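What follows is a set of notes on a single structure, which appears directly below.
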Amino acid sequence: MGRMEAIWGKDCREYKPERWLRDGRFMSESAYKFTAFNGGPRLCLGKDFAYYQMKFVAASILYRYRVKVVENHPVEPKLALTMYMKHGLKVKLVRRQDSELC
11 MGRMEAIWGK DCREYKPERW LRDGRFMSES AYKFTAFNGG PRLCLGKDFA
61 YYQMKFVAAS ILYRYRVKVV ENHPVEPKLA LTMYMKHGLK VKLVRRQDSE
111 LC
């Protein structure tokens with residue numbers, strides 16, 4: 011359902027994070043459009059925890075490290091049931107100095 015033209019439009023196979031932005035603000039779609047966590051009265055109990063944990067881990071990494079894609083590494087999404095990078099995403103983490111953390 012995540013890439014169905016009938017739901018998302020002609021550009022359904024394109025990676026476009028801006029589809030969830032309205033006037034520069036994130037706007038979530040109906041739970042029935044993307045059912046990874048189900049929808050309706052039987053919504054996954056772990057959904058909020060999963061989102062919280064994902065944001066915490068991402069923020070912790072970005073706070074402590076600079077993340078840079080390895081030079082000349084091809085960045086190309088692979089269309090599948092779950093979207094991932096065709097050649098992986100090779101990055102280099104460089105620890106920030108203590109003076110940069112404040």
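In terms of my numbering, the sequence shown is residues 11 to 112. Yeah, the Cβ is synthetic: ideal placement off N, Cα and C, and Gly gets one too. Please read these numbers as outputs of a predicted model, since none were measured by experiment.
Cβ-Cβ separation, K102 to K96 (assumed contact under 8 Å), whole Å | Their Cβ separation, rounded to whole angstroms, is 19 Å, which puts K96 and K102 out of contact at 8 Å.
What are the residues that DSSP puts in a beta bridge with V101?
-> V79
Can you give the Cα-Cα distance for L91 and Y25, rounded to whole angstroms?
-> 14 Å
Below 8 Å CB to CB, which residues in the same chain sit around V80 once its five sequence neighbours on both sides are set aside?
-> K100, V101 and K102
Element boundaries [alpha helix (DSSP H), containing D108] = Taken as a continuous stretch (DSSP letters only), D108 belongs to no alpha helix (DSSP H), as it is neither H nor E.
Where K20 sits in the DSSP three-state scheme | coil
Have a look at the DSSP bridge pairing and note the partners of P87.
-> M95
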